[in-house]
Amino acid sequence: MREELVTVRNLKKHFPLEKGFFDRLLVREHRFVKAVDNVSFSIMKGEVLGLVGESGSGKTTTGRLILGLLPATGGEVLYRGRSVISYSKKDMEELRERMQIIFQDPYASLSPRMSIGKAIGHPLAIHHLADAKTSKEICLSIMEKVGLSPAPFLYRKYPHQLSGGQRQRVVIARALVTNPDFVIADEPIAMADVSVRAMILELMMKLKREFDLTYLFITHDLATCKYICDRIAIMYLGKIVEIGPLKEVFSRPVHPYTETLLDAVPVPDPRFRRTHPMPKGEIPSAFNPPPGCNFHPRCYIAETRCRNLEPGLEKVGEDHYVSCMVRGSWGSRD
Amino acid sequence: MKNLVRYIVTRTLLTIPMVLILLSIVFVVLRVMPGDPVSSMLGGHAPERVIEQKKEELGLNRPLAVQYVDYLWQVARLDLGDSMVFQQGVTDAIIEKMPATIELTFFAMIITLVVGVFLGAYAADHRREFRDSMIRLYGIVIYCIPVYWLGLMLQLIFGIWLDIFPIAGRTGSRILSSTFEQSGFYVIDTLRAGNYAAFGDVMHHLVLPAFTLGLTLSGIFVRLTRANMLDVLKADYIVAAEARGITHTKIVYRHALKNAMIPILTMMGLQVALLMAGAILTETTFSWPGMGRLLLERIYLRDYPTIQGVIIVYALFVAMVSLVVDIIYAMVDPRIRY
Amino acid sequence: AAKDTIVYGTTEKITDMDPASAYDFHTWELFYNVYQGLLSYPAGETYLVPGLAESYAISPDGKEYIFTLRKGLKFTDGTPFDADVVKWSIERVMALKGDPAWLVTDFVEKVEKVDKYKVKFILKNPVAYFPSLVASPPYYPVNPKVYPKDKIVRDPSELKGKKLVGLGPYRAATFKRDQEVVLEVNPGFYGEKPKNDKIMIRYFADATTMRLALEKGEIDFAFKTLNPSDIKDLEQSGKYQTIKGQGPYIRYLCFLCDSPPFNNKVLRQAVTAAIDRPALLDKVFLGQNAPLYSMVPRGMWSHTDGFKTVYGDGNIEKARQLLSSQGFSETKKFNVQLWYTPTHYGDTEVDLAAVLKEQLEKTGMMTVDVKSAEWATYKDNWKNKVMPTYMLGWYPDYIDPDNYTAAFAGTEGSRGMGIYFSDPLWDKKFAEGQTETDMKKRTALYEEIQQMWTDEIPTAPVFQGSLYIFAQKNVRGILLSPTLQFNYGPINKEK
Amino acid sequence: MNYSPARALARIFAPAARMGKKYGVEWWILCAGACIIAAILFMALFPGTLAPFNPHQQDTGPQLASPGGAHLMGTDNLKRDVWSRIVYGSRTILGVSVLAALLSSLVGITLGLLSGYSGGILDRILSLIMDSVYVFPGLILAIAFAAMFGPGIINITLAVAVIYIPTYFRLVRGQTLAIKQELYVEAARAIGASGTTILWKYIFPNVIATTVVVFTLNVADAIMIEAALTYLGLGLPPSIVDWGMDLAMGKKYLPSGQWWLITFPGMMISLLALGFTMLGEGLAEILNPRLLER
Amino acid sequence: MARILHIEDLRVHFPINIGTVRAVEGANLTIEEGEVMGLVGESGCGKSTLGLSILRLLRPPGRIVEGKILYHGEDIVRMGAKEILALRGGRIAMIFQDPLTSLNPLFSIKEHFIETLRTHEKRIETKEALARAERMLSSLGISPERLHEYPHQMSGGMRQRIMIGLGLILNPDLLIADEPTTALDVIVEAQFLDLLDDLRKRFNLSIMLITHNLGNVAQLADRISVMYCGTIVEVGPAQTIFDEPLHPYTQGLLASIPNIKLDEPELKLMRGSLPDLVSPPSGCVFHPRCPRAMDVCSEEWPKTAAVNGHQVNCWLYR
Ligand SMILES: Nc1ncnc2c1ncn2[C@@H]1O[C@H](COP(=O)(O)OP(=O)(O)OP(=O)(O)O)[C@@H](O)[C@H]1O
Ligand SMILES: Nc1ncnc2c1ncn2[C@@H]1O[C@H](COP(=O)(O)OP(=O)(O)OP(=O)(O)O)[C@@H](O)[C@H]1O
Ligand SMILES: [Mg+2]
Ligand SMILES: [Mg+2]
């Protein structure tokens, strides 16, 4: 088996609810948004894991937790088998070179008052990896690699002078300049136009090969996963409900939520008609999740026990896990 | 509804620290700053002995903490001490002058709001047209005209050259304020006394000062209203409303203006502060017997208890206004009631 | 028959409505009309006539005055007026130690009741002008049942009964500080009834407003204090009666005489020589007021124009000569710190200082730093010897050359005004002047003092204030007195 | 090729015209403001070239002469030349207001950045204090301070400066808090930037751009406050020439028809304030990040 | 079938400081009664501008320079202000991309409904207006009690339903939906499309569905118009557009979108990006990106050709 590059164990993040002055005086117990609740998975070296879910399901938070941009409420993150918590300050810096993130909105993730060259070269400066001259050389070469050409011309530009696609490339270049081996891509194509999307996806795959990268690919669009992911994990209200190899999950979804999600994806083919009716309602608010199985109010196969008991992940196939009482080992599968 | 009450209570409680801080600042300013009251009272070169004696007299040589507690307790009882120059309680002096100031600022505020909000909304509605440019120009220019100079120029034009408005005081010399005065709010008092001649005279005297103060501030409101209106008019719900066939006037003055007024409302607390400041200058220019003149007169006389008292009253007033504004804000905007 | 309401405009302010504390001419003016002294001045005159006292007698040594009171007078609440009231009032003033109390305590040892209608003042020293002191408000009897014994009264509302009423020709119908005071005729007044029904005093915050009110016909006359420009305009317009009087009000430059640099009298002389009075009046007051060449104002007996003959005006030559005699030159200039107070004497002070600065600097051997302090600080400044030279003004407490001389150059008086001039010879002369009763000798004495003044110059006289009253053409009976006593009684309107 | 002054001028102004095309009215507003400021700055820097008299010099002509002839703006009662006083007066007001704005921005920005970035108890206390001062009428504070410090050019500068500290503090703190939430700050953290790096390289440059606009508007405000203080007779000794003081002096000549004594000083105050306001308005629009996107 | 809407040679320009944005440049479009017309294209190609022009809702400086918009044969471009107002909401309804901001936050849902009804039916009583609003809400699957709530108390999907309710309350015959589902989650999006399909039958609506999501149009549209740089480059029945796209742009667009149901390993790329609408390329606007560009393409704008039931503007199909 291949090496586990990043492993997440029982990761939890609970955000305390913003409270008024009055509440702080009178109400003693705190209420939390359980943005990420007991999430575990691992990512093998060289693979692409897709993390899929509706808005607010905790995808971004998971990404931030892995990078240590947010302190976790519980659980741990292991990098090459070693818990990040045990890292010294120096190790942590080292880790920042090894792990990178690409955010959803490329415009927002670039400082408007920093030129492209500066932005891409900044990680080198921070980690003292190169002096000014070599730094520029490195930047220019990586800019060429991500397709920002002519690089010397764009080097002096500011983000607002670039197109959306170019900005996303800048962000990718910045992420790759320290030669990381793990990159989290948080919906890198959500803001992009149809034609640009394909380009970014292709670029990412090309770079993966070139730099020997491992991706955690966060998205809410199952369709794009198809082209890039080896495995996918489906998140719902801070929990992973299903995780497994892409093909397996796509062809044999076990969790009713996965099923619905796959069914809801619009298909660009007029002949295609949906088979199941869509569940009613929308994703509930995370600070007041339904008891038992989070999904039960919208689930079309829910039983009474779903309302009271919380299911856990169980194996349903080769490397395929699901968290559903009805469809899991407790229930019968059709 | 319960949420609203809860919000109001919370907001009221939050006013307390603000008032405390303002009171503390007043305390610090008057006591710890380089020119402490006594030595500046004595002119800076006074021998140590004289200063000590004076401090003893005023109780200023006690530990600061003691003075501070004493001071807060005084304010809490609404007893602002006695004037250092006159045989008069500071509270009485202020109560005597306050109605004049409030009357002036009230009418000025109305003028500001009417002129500012209307012009601002109108300009936004006619964005990039000539009218808009003119109104914007008005907004910028009027903002840059100091209230005291505007007052003087209005006096020169309307008081001296055209001779149609009186340029000073609250009443003419033939009107005896004692015949109607009760609350000190002359507009109300004259009406209550049924003395319509006096009412007319009072209003006549209010025109120039109220317009001076009101117009200078209207510039800010023109700009604020215009900017907010432009933002709001860009909002999706405006287009959506238009798409439903709602008439333009209704959209601008009902949908947009109401939304645009919300940020303006929050600014209102600050505007009232500006108004108070402008009132001091207006009162000086128009010989208006209000708190501002009281403050200045007492500053010339270095009457520290009165200066302190007046500033405290301003502070309380400002705190109260911002409280009221926030509460109104909460009542208008359904989103705020959490 | 319906008589008139006279509207009187002023920019003055009322201080404390208490003879024990008030020490300014406007408040005193009210007292003249609401209260009554034992002796009083007829409207517009400078001689004394009996007031609440029918007569008085002086003991041979000049140290005891016995006043015989008018009988049968009663305050409005029925309290009879008698010797007890006088004694109580004087003792109250002495005990409360208000600002004007020295007018009593400096002179009076004690007051004794002789009988119900006779009261005796025992003086510390013989004082030639004691009767004119007695005519001043600190000596005014007040109702013991109305005034609190141990507290200074600010507003009539603090009085028992809350009404300002005494034994004078008027009583207050309304009293609104800084806004309006309405006086109506006091039915209980023993003397001649006023020619008008009511005097309405309007208090203006500034002169401009008052002028406009006069022009609009809102006030019948305006008195104290119009701006020079307003006076000029009003005078030139010819639409109003101008009643102009030589005021007893003088302005002068003080020197701090016991510290450098002005402990050197030559420097005082040099500064004085450089002053050009007519030019100053012309610029600052548009030609109003009169140049003053002696501390004793023109119009008062014994006045001489000493400074005119000795220094003249703008005597640059002399000033330069005096300065070089002290080692100053074009290159080594004498630096003067000149102080003024920006509001107490009206807003002309800044200009006054600016002009003085320019005149002194014209010598080419002086540089002047102009500094200012608000009145409260100013007063403390002179106590603390901060100001080498500074502008002051003087309204007399009583009408006598003594009040214009000893007050500034006597050891005691000059200390109280920050001058710190002290000379035993001078003190002796002042004492003589105070006790001497022979008018000829007194005149000679004060002429001599004025001559000495031109040499020592504890203070340099600058100008004498003129008093202006502008009245509507139909107003009659405004009588300005050099004593600054202003009686409202004779004022009426021509029908 | 012939040298033509017209062409040379055109070359100089061509970039300005191009900017005008790009940004429209706002650019011209900015230019107008800059011109006013430049003119008054020239006055302040080289008063000798413009003023025929020393501002303190008396007897320069007839008393209270109306404008015209040798006296562009007439004379006052001390026969001083009003125009000369206006020229020299520009130094005081310009110096005090710019200096005050600089001082307050320095203190305000520093505190705002620190408070906004560090958060915690310091932030809470500072913002509570600053908020309280902010809502309080600035002029009243300035009056109190000016009265407290006594007259003097440094004192009045301090008195004016104090009241604007909260303006900058609030602005910068708010911006810092907002920018702290921005994705690019998070991105900076992700690439391993330390707190100070983030503060100086990412937050500060973005904050400072907005403060430029506020600064100019603030100077305009400070101009009016300075003049207000001196108009009220606070803040400056008479040995200094100042528009506000001249305005107060001229006030008593209002009913006599000597209009020039109040008209000109007041006009100059307005004009200078207008210059800075227009500059600020123009800058606000041109530096507007929404426009940057285009 | 009658033409409910016919747009002819529409040109909409935005004159701005740096030039004129030619947002719509000679667009032709027809909507038949009862059909769903899908309008697709990349972001910024002028879809919303076209939609807004139909109700004359363009913001200044935008204005219709030329062209006709015939609604039941009446030219909207030349209509008076009164007629336009009657048209908006009354005959043609429109819903927008962002349901979060399309409702006035200060007005309750109830007030929105009453105001809309009042505007078009002056005499309607509050009670009746409320009753109609309630009926509308229940038909959209929202409980009528929520009428008293404020927009911020609703979820995104609910708000979009309310927007649709507001549009349909006056029984219009044409609905213009400008990217109605972009802000919604996949499942909610699917729900909403189902609802739209349902409403279309119940209310006998014609719909103009503006979107850049080809999946959405595929499920709903009868015909599809493909827009590029302000013009319609290809129009045809939905099925054939997907099966046999004619225009290279349509082909490129279809190839670059992922299809979860198909088993193809890679997406195809379309070169370049949308040109600047201030100075669009000469000739056929698509030629710089077109893989099959010819010399003529850069010189002249191709005329519309009818091929296989499609209308296509391309030199390939002369
Ligand atoms: N800093 C925070 N404070 C409080 N709550 C937060 C914070 N960040 C996220 N949340 C909450 O945590 C939950 C998960 O948020 P997260 O951003 O991880 O979702 P997501 O799956 O990335 O959604 P999206 O697709 O919209 O990006 C949400 O309910 C969100 O409101
Ligand atoms: N107010 C405006 N001023 C200037 N240009 C504008 C304005 N509104 C729109 N445009 C321009 O018109 C063009 C078409 O815009 P439009 O909003 O119609 O595109 P769209 O196809 O709806 O895009 P999206 O899919 O992003 O909604 C764009 O290039 C846009 O920049
Ligand atoms: Mg996210
Ligand atoms: Mg659009």
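Protein chains in written order, with our numbering: chain A, 2 to 335; chain B, 38 to 375; chain C, 95 to 589; chain D, 110 to 403; chain E, -18 to 299. Even for Gly, the Cβ is constructed at its ideal location relative to N, Cα and C.
For Met294 (chain C), the enclosing beta strand (DSSP E) begins and ends at 292 to 297. For Val34 (chain A) against Leu18 (chain A), the beta-carbon gap comes to about 6 Å, under 8 Å, which counts as contact. If you draw a straight line from the Cα of Asp200 (chain B) to the Cα of Gln192 (chain B), it is about 9 Å long. Shown here is that no member of the region 539 to 561 of chain C has a Cβ falling below 8 Å from a Cβ of chain D. Between Pro364 (chain D) and Ile172 (chain B), the CB-CB gap reaches or exceeds 8 Å. The C-beta of Tyr197 (chain D) comes no closer than 8 Å to any C-beta of chain C. The alpha-carbon separation between Arg414 (chain C) and Phe515 (chain C) amounts to approximately 25 Å.
For Glu23 (chain E), the shortest C-beta to heavy atom distance toward ligand 4 is 7 Å or greater. In this structure, Phe(-5) (chain E) has its CB closer than 7 Å to one or more heavy atoms of ligand 2. In this chain, the alpha helix (DSSP H) harbouring Gly306 (chain B) covers 294 to 322.
Closest in alpha carbon position to Phe379 (chain C), among D:Ala147, D:Ile234, D:Leu173, D:Phe122, is D:Leu173.
Closer than 8 Å at the C-beta level to chain A, one finds these residues of the region 302 to 321 of chain D: Ala302, Ser303, Thr306, Lys310, Tyr311, Pro314, Asn315, Ala318. Taking the C-beta atoms as reference points, Ile173 (chain A) is found no nearer than 8 Å to Thr225 (chain A). Around ligand 1, the residues whose beta-carbon falls short of 6 Å from at least one of its heavy atoms are A:Phe16, A:Val34, A:Ala36, A:Gly54, A:Ser56, A:Gly57, A:Ser58, A:Gly59, A:Lys60, A:Thr61, A:Thr62, A:His221, A:Ala287, given in chain order. For Ala4 (chain E), none of the residues of chain A pass the 7 Å Cβ criterion, the least Cβ distance being about 16 Å. Separation of the CB atoms of Leu370 (chain D) and Gly353 (chain D) is rounded to 13 Å, and the pair is thereby denied contact status at 8 Å.
For Lys465 (chain C), the secondary structure class from DSSP, reduced to helix, strand or coil, is strand. Taking 8 Å as the CB threshold, Ser365 (chain D) lines the interface with chain C.
Those residues of the region 312 to 329 of chain B placed with their C-beta closer than 7 Å to a C-beta in chain D are Met313, Ala314, Ile317, Leu318, Thr321, ordered along the chain.
For Glu335 (chain D), no Cβ of chain B is located within less than 8 Å of the residue's own Cβ. Listed in chain order, the non-local C-beta contacts of Ser560 (chain C) below 8 Å within the same chain comprise Lys338, Gly339, Gln340, Gly341, Gln382, Asn383, Ala384, local neighbours out to five positions each way being set aside. Across the set E:Asn294, E:Ile168, E:Asn289, the C-alpha of E:Asn294 shows the shortest separation from the C-alpha of Gly264 (chain E). Of all residues in the region 237 to 250 of chain C, the ones placed with a Cβ closer than 9 Å to any Cβ belonging to chain B are Lys245, Ile246, Val247, Arg248, Asp249, in chain order.
Here Ile195 (chain D) carries a helix assignment [DSSP, helix/strand/coil]. A straight-line Cα-Cα distance of about 50 Å links Ile148 (chain B) and Ala296 (chain D).
A Cβ of chain B is located within less than 8 Å of the beta carbon of Arg69 (chain E). Using a cutoff of 7 Å, the CB of Asp187 (chain A) counts as near ligand 3, since one of the ligand's heavy atoms is closer than that.
When C:Val404, C:Val221, C:Val259, C:Phe119 are compared, the shortest CA-CA separation from Tyr159 (chain C) is found for C:Val221. Not a single heavy atom of ligand 2 lies less than 7 Å from the C-beta of Leu(-9) (chain E). With a cutoff of 8 Å on beta-carbon distance, Asn296 (chain B) and Val269 (chain B) are scored as near each other. Nearest to Val191 (chain D) by alpha-carbon distance, out of D:Phe162, D:Ser214, D:Leu203, D:Ile218, is D:Phe162.
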